[in-house]
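Right, one structure below, let's go through it.
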């Protein structure tokens, strides 16, 4: 970013991701963007709370979550699922967020939408959240509508 001005590149940006990409987009924006360069986040079917009992009660997910974070990097008393959950790091200065979920998603249940909405509301972060009839593959079926809502959200939220 040190040569951004010289190269006519704006140092601010929007992060958008699907599934794990949505999770990482939110996690980066909420936890690691100390310079507040992320001006908005678009999450399409990304998990928001890896400590949700939906995951911890399922041995297949519980094992996976334990391996996504280096245990030596965890703050004292914090578990890997909590540390790797975007909702853990939401604050009043978090980037505006738009999310899209499927009501039949077996990988990212509707509870993920509910808890993200609540956390963003608690901190008064500008956000939108949309629920579609379908599973984890909603992006294919509803992509035109998702892009339309995303374009509208960004046009009123971000001045990049």
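In the UniProt record's numbering, the protein residues as written are 1 to 160.
Ideal Cβ placement from N, Cα and C applies to all residues, glycine included.
Counted as a single uninterrupted DSSP element, the beta strand (DSSP E) harbouring residue 18 occupies residues 13-18.
Rounded to the nearest whole angstrom, the CA to CA distance from residue 94 to residue 60 is 31 Å.
Runs of the alpha helix (DSSP H) spanning 4 or more residues and lying entirely within the region 111-139 do not occur at all. Taken through DSSP and simplified to helix, strand or coil, residue 98 comes out as strand. Taking the Cα positions, residue 41 is about 6 Å away from residue 26. For residue 156, the number of other beta carbons within 10 angstroms of its own is below 16, and it is reported as exposed. The C-beta distance from residue 45 to residue 15 rounds to 15 Å, too long to meet the 8 Å contact threshold. Around the beta carbon of residue 140, fewer than 16 other beta carbons lie within 10 angstroms, which makes this residue exposed. Burial check for residue 102: the Cβ neighbour count within 10 Å reaches 16 or more, so the residue is buried.
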